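In my numbering, the protein residues as written are 273 to 705.
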């Protein structure tokens, strides 16, 4: 539950650090804004606060055209937490409801639909369907403004079942039809079947160390870093895809930075999944200011963080692929097909076959929506996977910000005492030093 007085003070200060943590709805105008919106501060009696844009949209408010609260990076709270609400929000952001429905989402989380709905309403004010509708509208706006796709194709790429539903959804969320959004910011056609999108993040972001890490751990034939740009292939629900990611050079700033993402997809319905995987790989929803607040005073980490401000924890595009690579190292590059089904009977170490069997049997889930404690317990039970390997997989495949997969006993003790809940970021700084 948001405290009104605290939220109102944060909004009045126009502090951009609160962007993404809540939105401000103004009853006199019918719009909702970021806390940092430069518009005139509304009177308290005309102000309502919501945890997520979906809550404001469900209550009948539309996104502010000036501060564009719908494109702000999401709250890092949902990445830190490992409970049901956070896991559900991570899966919804990846398009699970569009692909499998609310029934499929509840099944993935091993709860009833009723319990899931009740939990989400209690925590964020709206249920899973409303959250999916909001995510769909946000993706539609990004595609309308950033791509040259015909509007009919945007409708289905964003997850709408019809053009009429698309028009109604965009109008409800943003107060205007899709055609008006496109006229305000026309996109140039690329003519080669590619999409170019811009994904917001909170600066600073240590681009060079992150790209160097990804280059050093790249799976040959699948991913590579060349000329400051990250490339990889993707397995997506409707077919393979390719992605290329580069970054604007942004110094520490109150304004958002942007990653430029080029996508080549077999099916435009996979845009949402591809975008979420790019956000995961580069940890674009992290909040460097929040992490620094806890870790920068530390005598060990402080100098490292000042040398690499905004260092992220790299995620992954495929949890099983990451786990196999963690076990085999460079030998994984010799495998023709890194999928659980392909490796069940392949000539690979017994650890890899056991890992594949656990995934095929659905005893192990390796994505951001997994129960982190359960997944690590299953990993630790597989012969050949020790605590450091399991921690490394949790850090990157499960997006757990609070694991410390280093072997040094003294550092591990320090991490337990002083670096929680950001031990993964501490590990990255130590590895990168």
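For every residue, glycine included, the Cβ atom is placed at its ideal position computed from N, Cα and C. Owing to the predicted nature of the structure, the values given are computational and were not obtained by experimental measurement.
{"query": "Same chain, Cβ closer than 7 Å to residue 693, neighbours up to 5 away in sequence not counted", "result": "352, 673 and 674"}
{"query": "Assigned secondary structure, residue 649 (DSSP; H/G/I helix, E/B strand, else coil)", "result": "helix"}
{"query": "CB of residue 305 within 8 Å of CB of residue 341, strictly", "result": "yes"}
{"query": "Start-to-end residues for the alpha helix (DSSP H) that takes in residue 638", "result": "Note, residue 638: premise wrong, no alpha helix (DSSP H); not H, not E."}
{"query": "Distance between residue 513 and residue 347 (C-alpha atoms, nearest Å)", "result": "28 Å"}
{"query": "Candidates 500, 509, 596 and 571, of which the one nearest residue 372 by Cα", "result": "509"}
{"query": "Beta-carbon separation (whole angstroms), residue 622 vs residue 655, contact threshold 8 Å", "result": "7 Å"}
{"query": "Distance between residue 583 and residue 698 (C-alpha atoms, nearest Å)", "result": "10 Å"}
{"query": "Cβ pair residue 446, residue 378 closer than 8 Å", "result": "no"}
{"query": "DSSP beta-bridge partners of residue 512", "result": "507"}
{"query": "Inside the stretch 341 to 378 only - beta strand (DSSP E) runs reaching at least 3 residues", "result": "none"}
{"query": "Helix, strand or coil at residue 670 [DSSP, three-state]", "result": "coil"}
{"query": "The stretch 568 to 586 in contact with the stretch 678 to 694 per 3-pair CB rule at 8 Å", "result": "yes"}
{"query": "Segments assigned beta strand (DSSP E), at least 3 residues, entirely inside the stretch 564 to 644", "result": "none"}
{"query": "Three-state class that DSSP yields for residue 556 in the structure shown", "result": "coil"}
{"query": "The beta strand (DSSP E) enclosing residue 467, as first and last residue numbers", "result": "466 to 473"}
{"query": "Strand pairing of residue 304, partner residues [DSSP]", "result": "297 and 335"}
{"query": "Cβ-Cβ separation, residue 280 to residue 319 (assumed contact under 8 Å), whole Å", "result": "6 Å"}
{"query": "Beta-carbon proximity of residue 640 to residue 670, cut-off 8 Å", "result": "yes"}
{"query": "Beta-carbon proximity of residue 546 to residue 506, cut-off 8 Å", "result": "yes"}
{"query": "Counted within 10 angstroms of its Cβ, other Cβ atoms place residue 463 as buried (16 or more) or exposed", "result": "Low confidence applies here, because residue 463 scores a pLDDT of 42, under 50, leaving its location unreliable and the question unanswered by this model."}
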